[in-house]
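Asks: First residue of the sequence shown? That's 67 in the working numbering, and the numbers climb one at a time after it.
My questions all concern the structure below.
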Amino acid sequence: MHLLPISSSLLVFAVITTVHSAEKLEQKVLMTKAAAKLAIIECKFSANCLNYVHWYQKKEDELKRVQYVDINDGTTRNNPVFEYLKSTRKGIRTFVLKIPDLKPEHSATYYCACWIGYHSET
């Protein structure tokens with residue numbers, strides 16, 4: 067999906083429901099915000115998610131993990147390029163990703179995902 071600003075002051079953020087290992091995470095489908103505003107993207111996750119909720123940004127054919135959040139204590143770890151992103155807990159099984167001071171380069175598809183069951187990073 068290729069996203070472009072609708073006008074010089076509007077940006078489009080598409081957020082798609084993500085399924086990983088048959089685990090459904092709920093997100094809004096489409097969001098439009100004015101430049102220089104705050105975007106808040108919500109991710110509802112299930113009790114089956116292990117340890118972290120991961121946030122990804124997709125532009126063109128490039129997918130980057132921008133942040134992951136510890137489900138237990140809310141600690142975040144950002145990709146160094148995305149230090150401006152913030153996440154906060156909203157309810158027992160919901161995190162929100164906050165993108166402050168929106169700029170045209172923030173136009174992208176944002177996903178949340180989690181692992182269920184055992185996985186290895188090696």
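Glycine residues also receive a C-beta, built at the ideal position from the N, C-alpha and C atoms.
In this structure, what does DSSP give as the bridge partners for Phe161?
Replies: In the sequence shown, residue 161 corresponds to position 95, counting from 1. Partner(s): Cys109 and Arg155.
Asks: So, for Leu104: in the same chain, excluding its five sequence neighbours on each side, which residues have a beta-carbon less than 8 Å away from its beta-carbon?
Replies: Translated into positions along the sequence shown, residue 104 becomes position 38. Hits under 8 Å: Lys164, Ile165, Pro166, Asp167 and Leu168.
Asks: Between the Cα of Gly270 and the Cα atoms of Thr98, Trp181, Arg159 and Ile182, which residue gives the shortest distance?
Replies: The structure shown does not extend to residue 270, since the chain is modelled only from 67 to 188, so the question has no answer here.
Asks: Beta strand (DSSP E) containing His120: first to last residue?
Replies: Residue mapping note: residue 120 aligns to position 54 of the sequence shown, counting from 1. Unbroken beta strand (DSSP E) run through His120: Leu116 to Lys125.
Asks: Let me check one thing: in DSSP terms, what residues is Asp136 bridge-paired to?
Replies: To locate residue 136, count along the sequence shown from 1; it is residue 70. The partner list for Asp136 (beta bridge, DSSP) reads Tyr118.
Asks: Per DSSP, Leu129 forms a beta bridge with which residues?
Replies: Sequence index remark: in the sequence shown, residue 129 carries index 63 (1-based). The partner list for Leu129 (beta bridge, DSSP) reads Lys124.
Asks: Please name the residue, chosen from Phe148, Lys125, Gln123 and Tyr134, that lies closest to Leu116 on a Cα-to-Cα basis.
Replies: Here the question's residue 116 lines up with position 50 in the sequence shown. It is Tyr134 whose Cα lies nearest to the Cα of Leu116.
Asks: Helix, strand or coil for Glu171? Go by DSSP, reduced to three states.
Replies: Within the sequence shown, the letter at position 105 stands for residue 171. Glu171: helix per DSSP, three-state reduction.
Asks: State yes or no: is the C-beta of Val132 within less than 9 Å of the C-beta of Asn114?
Replies: Numbered from 1 along the sequence shown, position 66 holds the residue referred to as residue 132. Numbered from 1 along the sequence shown, position 48 holds the residue referred to as residue 114. Going by C-beta atoms, Val132 is not nearer than 9 Å to Asn114.
Asks: Once you ignore the five residues that flank Lys125 on each side, which residues in its own chain have a CB closer than 6 Å to its CB?
Replies: Against the sequence shown, residue 125 aligns to sequence position 59. Taken in chain order, the residues that qualify are Ala174.
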